[in-house]
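Reviewing the structure listed below.
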Amino acid sequence: MVKASDTVPQKEEKDQGLRVSVLVPRPFAGPLDYRSEIPLHPGTLVHVTLGKREIVGCVWGEVSPSLPSGLRIPQKRSGLPLHRLRYIDGIVPHIPPLPESLRHFVDWVAAYSLSAPGMVLAIALRVPASGGIKPIIGWVKHPDTVVPGTFRLTPSRQAVLESASTEVAYTTAELSERSGVSAGVVRGLVQAGLLEECSVAKSAFLQSPQPDYAPPLLSDIQANVAAALVHSVETKCFEVTLLEGVTGSGKTEVYFEAIAACLRQGQQVLVLLPEIVLTAQWTTRFAARFGAEPAVWHSDLGQKTRRETWCAVESGEARVVVGARSALFLPFTNLGLVVVDEEHESTYKQEEGVMYHGRDMAIVRARLVDAAVILVSATPSMETMANVEQGRYRHERLESRHGGAQLPATSLIDMRHNGPERGLFLSPLLCEAVDKTLAEGEQAMLFLNRRGYAPLTLCRACGHRVRCPNCSAWMVEHRKRHVFACHHCERVEPLKSACPECGAEHSLVPIGPGVERIEEEARARFPEARLLSMASDTLTSPIAMAEAVRQISQGDVNLIIGTQVVAKGWHFPQLTLVGVVDADLGLGGGDLRAAERTMQLLHQVAGRAGRGERPGRVMLQTYVSEHPVMQALLDNDFQTFMEQEAEQRRPGFWPPYGRLAAVIVSAQHESQAEQFARHIALKAPQQEGVQVLGPAPAPLALLRGRYRFRLLLRTRRGIAVQPLLRHWLAQAKPTNGIKVDVDIDPVSFM
Ligand code: ADP
Ligand code: ZN
Numbered sequence: 019m020v021k022a023s024d025t026v027p028q029k030e031e032k033d034q035g036l037r038v039s040v041l042v043p044r045p046f047a048g049p050l051d052y053r054s055e056i057p058l059h060p061g062t063l064v065h066v067t068l069g070k071r072e073i074v075g076c077v078w079g080e081v082s083p084s085l086p087s088g089l090r091i092p093q094k095r096s097g098l099p100l101h102r103l104r105y106i107d108g109i110v111p112h113i114p115p116l117p118e119s120l121r122h123f124v125d126w127v128a129a130y131s132l133s134a135p136g137m138v139l140a141i142a143l144r145v146p147a148s149g150g151i152k153p154i155i156g157w158v159k160h161p162d163t164v165v166p167g168t169f170r171l172t173p174s175r176q177a178v179l180e181s182a183s184t185e186v187a188y189t190t191a192e193l194s195e196r197s198g199v200s201a202g203v204v205r206g207l208v209q210a211g212l213l214e215e216c217s218v219a220k221s222a223f224l225q226s227p228q229p230d231y232a233p234p235l236l237s238d239i240q241a242n243v244a245a246a247l248v249h250s251v252e253t254k255c256f257e258v259t260l261l262e263g264v265t266g267s268g269k270t271e272v273y274f275e276a277i278a279a280c281l282r283q284g285q286q287v288l289v290l291l292p293e294i295v296l297t298a299q300w301t302t303r304f305a306a307r308f309g310a311e312p313a314v315w316h317s318d319l320g321q322k323t324r325r326e327t328w329c330a331v332e333s334g335e336a337r338v339v340v341g342a343r344s345a346l347f348l349p350f351t352n353l354g355l356v357v358v359d360e361e362h363e364s365t366y367k368q369e370e371g372v373m374y375h376g377r378d379m380a381i382v383r384a385r386l387v388d389a390a391v392i393l394v395s396a397t398p399s400m401e402t403m404a405n406v407e408q409g410r411y412r413h414e415r416l417e418s419r420h421g422g423a424q425l426p427a428t429s430l431i432d433m434r435h436n437g438p439e440r441g442l443f444l445s446p447l448l449c450e451a452v453d454k455t456l457a458e459g460e461q462a463m464l465f466l467n468r469r470g471y472a473p474l475t476l477c478r479a480c481g482h483r484v485r486c487p488n489c490s491a492w493m494v495e496h497r498k499r500h501v502f503a504c505h506h507c508e509r510v511e512p513l514k515s516a517c518p519e520c521g522a523e524h525s526l527v528p529i530g531p532g533v534e535r536i537e538e539e540a541r542a543r544f545p546e547a548r549l550l551s552m553a554s555d556t557l558t559s560p561i562a563m564a565e566a567v568r569q570i571s572q573g574d575v576n577l578i579i580g581t582q583v584v585a586k587g588w589h590f591p592q593l594t595l596v597g598v599v600d601a602d603l604g605l606g607g608g609d610l611r612a613a614e615r616t617m618q619l620l621h622q623v624a625g626r627a628g629r630g631e632r633p634g635r636v637m638l639q640t641y642v643s644e645h646p647v648m649q650a651l652l653d654n655d656f657q658t659f660m661e662q663e664a665e666q667r668r669p670g671f672w673p674p675y676g677r678l679a680a681v682i683v684s685a686q687h688e689s690q691a692e693q694f695a696r697h698i699a700l701k702a703p704q705q706e707g708v709q710v711l712g713p714a715p716a717p718l719a720l721l722r723g724r725y726r727f728r729l730l731l732r733t734r735r736g737i738a739v740q741p742l743l744r745h746w747l748a749q750a751k752p753t754n755g756i757k758v759d760v761d762i763d764p765v766s767f768m
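Counting from 1 along the sequence shown, just add 18 to a position and that's the residue number in the working numbering.
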């Protein structure tokens, strides 16, 4: 560690040193004041002592000038005189300062989500604070090195000197490999002063993507859209474009052109995907187009890769980064384009800790650096459509599938008339279609968005239902893992043969289907099929996913059964039939976006069918065939559906025509939570265009052992909710174990 005190002689005089504000990854309202002997640039990472612990913080500068005044949090200075402040302990070595735009972004996310700025900084510091980044040391030879006469130049030493370069630094291991001698020989030359130390560029990113490596021949329509996107990148101004196009229309191909344009002008690109499992297929496709892999960023990476990537993003070496929403917090220094693929996906919303929406914050991130944004979807969110209508976003459309591929033909199977026998879940109509598809050498997919074997287990003797003691939820049987699992907390219990309530043996029966049960039924019904099961809890890593994708692409399997992971942007040309086991799932509950989301999900699953030469078919099993969602899917008419949705939301000022914020009060005792929620409600803001609904017990009234009550703040669109909330909640500070969480623009209403 470089001690700041090493550079300047220590003086304990009263007014010695400078006041610096340091943001630390802790839930304080703002930065803390420390003392430094030397001036420190904002963004510098420093070791500071907090209480008795040493932690890493970041020297904080002015808040972003673009932050609206309503979002500014008044900063209280500590007021302590300089001589009572602690000195910072030192500068974190080998780490470049956090770029200003990233610091401004941290302030923005904190102010918008009403989170402590330190907790947002913590996301950005996950890599640099985790033990520092050691530079990789390599060796170069000086162009006019003279080997001293005392030094015996053996053939192996000669070989090393020949492999060493005067320009490119090679590590000891690399030199030893290139020259075919042991590392000891290399070290000997270093000791003799014949090789000089030099820091090595991270080899992983030495290969840059080439904008002109393998461009596709675009159709006229695609080329027009691509030109518009390219233009948007070239203006180097902040601008958002919605790229809407049916599944298989070439959206990815088209936004690749915008990426190429951004590369040509020497800038960096960030591409967000809604699920990390999608990165493998995306990366392969990217490499085929650009001749080099992009940098990848998500939680599943090893520490070493993370560090290298972090540094390469900061140095600008990593030109294209593809990743999950946390990639927004990487230290880009030259960002020119942000792409949000499948922008309508609710997985972009972070529901715990700092609650932010990846799509919305991507737009903020881009605006802070004047970058272009492309939002991509076949079924854009209502929020994005509203922005298009109000002229805030541009709109580009691809109306048909590429290469003459037809959109799949959709049919509804009314389960009231065509249901299967008791205890089974696949309609005879769907089974016949699967038979036919497999017989023709094509692939079929059965989709059910529910993990495990059965969502509910009931005792036939006493009626007891197996539930989670920590949550208001049923325990879900996972037969393959031999456990009951709660899908809301981490609780798992071994499967039981007797009822835990009445003790009756073999009386527990599964109610309803999960994807494992569909797999069991399919194995029995299609014994010849080569079956692959893809559930989001078993296929978690991009590597496992890549293997599954390979099996499908090569035709090793012909019947795919899965949860929502199968619905994503996959391209499987031989897949011609998609069967949705329970299309109604997701329509229940009082969720504002239940219908919109179900439509988007089912349209996306349907979009997996018929992407190759053979036309595709989609069959939806439903008990509510007259529902607007089913009709929209049947007619492939989403515009009418969205217009109807809009008409329902507009009068009540529901988003996107108004704004929402949820306040969630939780405590260990139900009465405590309820009382405090009522107390908060009494202080609710009273003003035109603002309404507070609740408190009411949350649908998940008990979660991880805490009782929960919800209030919902609803305002007209023009009203900023943050200042309202800050003022309101400041009047009711929670005590003894009561927690108040605020969720701005909530997506989940559980
Ligand atoms: P989307 O992202 O809209 O689902 P994709 O970009 O994945 O569509 O395109 C669907 C398929 O069609 C992909 O296999 C893609 O490579 C192919 N494709 C699209 N446009 C072209 C083109 N102009 N030339 C060659 N292949 C294309
Ligand atoms: Zn639970």
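Even for Gly, the Cβ is constructed at its ideal location relative to N, Cα and C.
At a cut-off of 4 residues, the continuous stretches assigned as alpha helix (DSSP H) that sit fully inside the segment 444-513 are 446-457.
In this structure, A522 has its beta carbon at no less than 8 Å from each heavy atom of the ligand ZN. With the criterion CB distance below 7 Å from any heavy atom of the ligand ZN, the matching residues run C486, N488, C489, A491, C504, H506, C507, R509 and R722 along the chain. DSSP places D432 in the strand class (E or B) of the three-state scheme. Of the heavy atoms belonging to the ligand ADP, at least one sits nearer than 8 Å to the Cβ of L416. Going by C-alpha positions, A564 is about 7 Å away from Q299. For G136, the enclosing alpha helix (DSSP H) starts and ends at P135 to L143. Here the C-alpha atom of R744 lies approximately 8 Å from the C-alpha atom of L132. Residue environment for N436: exposed (fewer than 16 other C-beta atoms within 10 angstroms of its C-beta). Secondary structure note for E262: it is in no alpha helix (DSSP H), and the uninterrupted beta strand (DSSP E) holding it is E257 to G263.
In terms of side-chain proximity, the C-beta atom of A396 is found nearer than 8 Å to a non-hydrogen atom of the ligand ADP. In the three-state reduction of the DSSP assignment, A390 falls in the strand class.
In the three-state DSSP reduction, K269 falls in the helix class (H, G or I). Residue nearest to A278 within the set L346, L355, L638 and V575 is L355 (criterion: CA-CA distance). Per DSSP, the beta-bridge partners of G580 are F465 and M552. Beyond the five residues adjoining it in sequence on each side, R307 comes within less than 7 Å, by CB distance, of Y231, A232 and F274 in the same chain, given in chain order. Beta bridge pairing from DSSP links D51 with S39. The alpha-carbon of S554 is positioned some 11 Å away from that of K586. Taking every protein chain shown into account, the CB of R728 has 16 or more other CB atoms within 10 angstroms, so this residue is buried.
For M660, the uninterrupted alpha helix (DSSP H) segment begins and ends at F656 to R667. Look at D574 here: in three-state DSSP terms it is coil, with no helix or strand label. Placement of the Cβ of L235 at a distance of less than 8 Å from at least one heavy atom of the ligand ADP is found. Given a length threshold of 3 residues, each whole run of the beta strand (DSSP E) inside the segment 59-96 is given here in chain order: 63-68 and 71-77. With distances taken between CA atoms, R440 lies nearest to I529 out of L474, I529 and S490. Judged by their CB atoms, L721 and S490 are nearer to each other than the 9 Å cut-off.
Judged by DSSP secondary structure, E414 falls within the beta strand (DSSP E) whose first and last residues are R412 to L416. Boundaries of the alpha helix (DSSP H) around R744: V739 to A748. Counting along the chain, no beta strand (DSSP E) covers W328; the unbroken alpha helix (DSSP H) around it starts and ends at Q321 to S333. The C-alpha of T259 is placed about 32 Å away from the C-alpha of R325.
Looking at the backbone, the Cα of D432 and that of A650 are separated by about 16 Å.
When C-beta atoms of the segment 315-334 are compared with those of the segment 244-264, fewer than three pairs fall below 8 Å, so the two segments do not count as touching.
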